[in-house]
Amino acid sequence: EDQVTQSPEALRLQEGESSSLNCSYTVSGLRGLFWYRQDPGKGPEFLFTLYSAGEEKEKERLKATLTKKESFLHITAPKPEDSATYLCAVQVAGGTSYGKLTFGQGTILTVHP
Amino acid sequence: NAGVTQTPKFRVLKTGQSMTLLCAQDMNHEYMYWYRQDPGMGLRLIHYSVGEGTTAKGEVPDGYNVSRLKKQNFLLGLESAAPSQTSVYFCASRSAGPEEKLFFGSGTQLSVL
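As given, the protein sequences belong to chains A and B, one line each in that order. Start counting the first sequence at -4; every next residue gets the next number (our numbering). Start counting the second sequence at 4; every next residue gets the next number (our numbering).
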C-alpha cells in the first residue's frame, strides 16, 4: 500500500529561523512527488514537482529535494506570510495512475514575527 | 481567470438528504478529481475522471456518485447523506504540462447532522 508520512505535524519558527519539513514515502514505483501549500479556508496551491532522486527545485525561500525514500522542503529565513499547511503527495508509476495523488497529512507551519 | 470553481461553499444537510456538489473548470483539462479532507487524514480521493463521459472510483468512493457529462464540469452526488460524510470537499483538475499540476477549487464545507 502506498504511504506518505509527513513530519513534524506542526512547526513553530521565529521569523528568519530556517528549518526543514520532511516527507517520507513508500510506493511500488514513484512517478512524481509533489509539494502543495494550503492556506486556511482555501484549496491547496501547487509548489513543486520532483521526479527523480537528487532533483532539487527552488522558489523564493523554499527549496525542495528528493531522495529514494523521502523529500525535504527547506525554508530559508521564513517570513510570517510563509505560515500555512504544507502538503506532500506522491503519484505512482504506471499507465493507469491517471494523475492520482496520495497525500500526507500535512505539516502546519507557523512563523512568528 | 476563474480556474476551478466549486459550488456551494457551505452546506448543512440532515441525515438521509441528498445533494450535488458542482465543480467547473475553464482550463480545458481532461483529468478531474474529487477529494475529501478530514482532520488528521489528509486528502483522500473519492472519484476521478479522465475525460468527458468517463468516471472511476478512488480510495473512498462509497456513498458517492459522480458524473462528467461535459468536459468542464464534474459533479459529486450524495444520495443519502450520513454524518460520516461531514468533511471539506475539494475538486481539482490536472494540467497536461511537464509539472502535472493539480489546480484545486476553494472547497465545500459540508456538515451532515
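Built from N, CA and C at the ideal position, the CB exists for glycine as well.
Test item: CB-CB of residue i and residue j under 7 Å
| i | j | result |
| --- | --- | --- |
| Arg39(B) | Glu62(B) | no |
| Tyr31(A) | Val(-1)(A) | no |
| Ser83(B) | Gly6(B) | no |
| Phe77(B) | Ser109(B) | no |
| Ser141(B) | Gln28(B) | What is shown of chain B runs 4 to 116, which leaves residue 141(B) out entirely. |
| Leu25(A) | Leu45(A) | no |
| Cys83(A) | Gly94(A) | no |
| Leu16(B) | Val115(B) | yes |
| Pro108(A) | Pro75(A) | yes |
Alpha-carbon to alpha-carbon, residue j and residue i
| i | j | result |
| --- | --- | --- |
| Phe67(A) | Met35(B) | 28 Å |
| Thr8(B) | Tyr67(B) | 20 Å |
| Leu6(A) | Glu12(A) | 11 Å |
| Arg56(A) | Thr80(A) | 16 Å |
| Ser21(B) | Asn31(B) | 29 Å |
| Thr102(A) | Gly54(B) | 33 Å |
| Pro64(B) | Leu81(B) | 11 Å |
| Val103(B) | Cys18(A) | Just to set this straight, residue 103(B) is Glu in the shown sequence, not Val. In a straight line, the C-alpha of Glu103(B) is about 19 Å away from that of Cys18(A). |
| Gln9(A) | Gln33(A) | 20 Å |
| Leu16(A) | Ser92(A) | 26 Å |
| Glu40(A) | Phe107(B) | 7 Å |
| Phe43(A) | Glu53(A) | 8 Å |
| Leu105(B) | Thr89(B) | 24 Å |
| Glu(-4)(A) | Met44(B) | 16 Å |
| Leu79(B) | Val85(A) | 24 Å |
| Pro11(B) | Thr97(A) | 25 Å |
| Ile49(B) | Cys26(B) | 14 Å |
| Gln75(B) | Cys94(B) | 12 Å |
Start-to-end residues for the beta strand (DSSP E) that takes in residue i
| i | result |
| --- | --- |
| Arg97(B) | Ser90 to Arg97 |
| Ala59(A) | Leu57 to Leu61 |
| Gly80(B) | Asn76 to Leu81 |
| Leu6(A) | Ala5 to Gln9 |
| Leu16(B) | Phe13 to Leu16 |
| Thr58(B) | Where Thr58(B) is concerned, there is no enclosing beta strand (DSSP E), given that its DSSP letter is neither H nor E. |
| Gln112(B) | Thr111 to Val115 |
| Leu72(B) | Run containing Leu72(B): none; DSSP gives neither H nor E here. |
| Gln1(A) | Gln(-2) to Ser2 |
| Gln100(A) | It is not in any beta strand (DSSP E) - Gln100(A) carries neither H nor E in the DSSP assignment. |
Residue i beta carbon near the ligand COA (any heavy atom closer than 6 Å)
| i | result |
| --- | --- |
| Gly45(B) | This structure lacks the ligand COA, and indeed carries no ligand of any kind. |
Residues of the stretch 72 to 89 of chain B whose Cβ lies closer than 9 Å to any Cβ of chain A, in chain order: none
Select from the stretch 32 to 50 of chain A all residues with a C-beta closer than 7 Å to any C-beta belonging to chain B, and list them in chain order. Residues Lys37, Gly38, Pro39, Phe41 and Thr44.
When Cβ atoms are compared, which residues of the stretch 84 to 105 of chain A fall closer than 9 Å to chain C? This model lacks chain C altogether; the protein chains it does include are A and B.
Counting only Cβ-Cβ distances shorter than 7 Å, please list the residues of the stretch -4 to 25 of chain A near chain B, keeping chain order. none
Curious, which full-length beta strand (DSSP E) runs of at least 3 residues does the stretch 69 to 95 of chain A contain? Listed in chain order, the complete beta strand (DSSP E) runs (minimum 3 residues) inside the stretch 69 to 95 of chain A are 79 to 87.
Interfacial residues, the stretch 93 to 107 of chain B to chain A, with Cβ spacing under 7 Å: Phe93, Arg97, Glu102, Glu103, Lys104, Leu105 and Phe107
Fully enclosed by the stretch 26 to 56 of chain B, which alpha helix (DSSP H) runs are 4 residues long or longer? Taking 4 residues as the minimum length, the stretch 26 to 56 of chain B contains no alpha helix (DSSP H) run wholly inside it.
For the stretch 13 to 62 of chain A, which segments carrying the beta strand (DSSP E) assignment without a break, of at least 3 residues, lie completely within its bounds, in sequence order? 14 to 21, 25 to 33, 40 to 45, 51 to 54 and 57 to 61
Residues of the stretch 24 to 38 of chain B with Cβ closer than 7 Å to any Cβ of chain A, in chain order: Tyr34
Check distances from the C-beta atoms of the stretch 44 to 59 of chain B to those of chain A and list, in chain order, the residues that come in under 8 Å. Met44, Gly45, Leu46, Arg47, Leu48, Tyr51, Val53 and Ala59
If contact means a Cβ-Cβ distance below 8 Å, which residues of the stretch 11 to 25 of chain B contact chain A? none
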